[in-house]
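If you count the sequence shown from 1, position 101 lands on 101 in this note's numbering, and the numbers rise without skipping. Notes follow the structure.
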Amino acid sequence: MVMILALLATAVATAMRAQGPAPQPTPPEQTVPEQTVPEQTVEVTAERFTFQPSEITVPVGTTLKVVLKSDDTTHGFRIKGEGVNVQIPKRGRGTITATFTPTKAGKYTFECSRICGAGHGFMRGTIVVVEPGSETK
Ligand code: CUA
């Protein structure tokens, strides 16, 4: 009798497991390596004359969403040679999202694309694109 009860319990547990796990909520920022939809969101603040952070690391094939806001005037965000160029609204006017899906590993330079003062030419940063699974940061 005890054996039968134990078997029944096992059968019920197996049936429950077969329904599959509950859907997992998506974390807002870093994606987990096992996830099937590779997407990474990074918030970047522009301010005379820097981007913060100024270095972003993303795996090849992951869609990078850069959510940009300004802490002072209007700036721009251009990824050189990649056809990405958006205008960042000035402080208090919200954000703009630039989307970039790199297909090759390497370093990509981004820079401010709107004249914003004497240090405009220094407003730049780097997107480091790495092979999937080799992220160190
Ligand atoms: Cu910021 Cu030009």
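Ideal Cβ placement from N, Cα and C applies to all residues, glycine included. Just so you know, these numbers come straight off a predicted model, no measurement behind them.
From the options, residue whose alpha carbon lies closest to that of residue i
i	options	result
Arg78	Arg91, Pro38, Ile96	Ile96
Thr101	Val44, Val60, Ile56	Val60
Gly83	Val67, Asp71, Val129, Phe110	Phe110
Ala46	Thr74, Lys80, Pro38, Val129	Thr74
Val67	Pro53, Glu39, Ala98, Thr50	Ala98
Thr62	Pro38, Gly133, Gly117	Pro38
Gly94	Arg48, Ser70, Lys65	Ser70
Limits of the unbroken beta strand (DSSP E) element including residue i
i	result
Phe77	75–79
Ala98	96–100
Arg124	124–130
Phe110	106–111
Pro59	55–59
Lys65	63–70
Ala46	39–47
Thr50	50–52
Ile88	84–88
heavy atom of the ligand CUA below 7 Å from residue i C-beta
i	result
Phe110	no
Ala46	yes
Arg114	yes
Phe100	no
Gly76	yes
(Q) Using a Cβ distance threshold of 8 Å, determine whether the stretch 123–132 contacts the stretch 83–94, with at least three qualifying pairs required. (A) No: fewer than three Cβ pairs fall under 8 Å.
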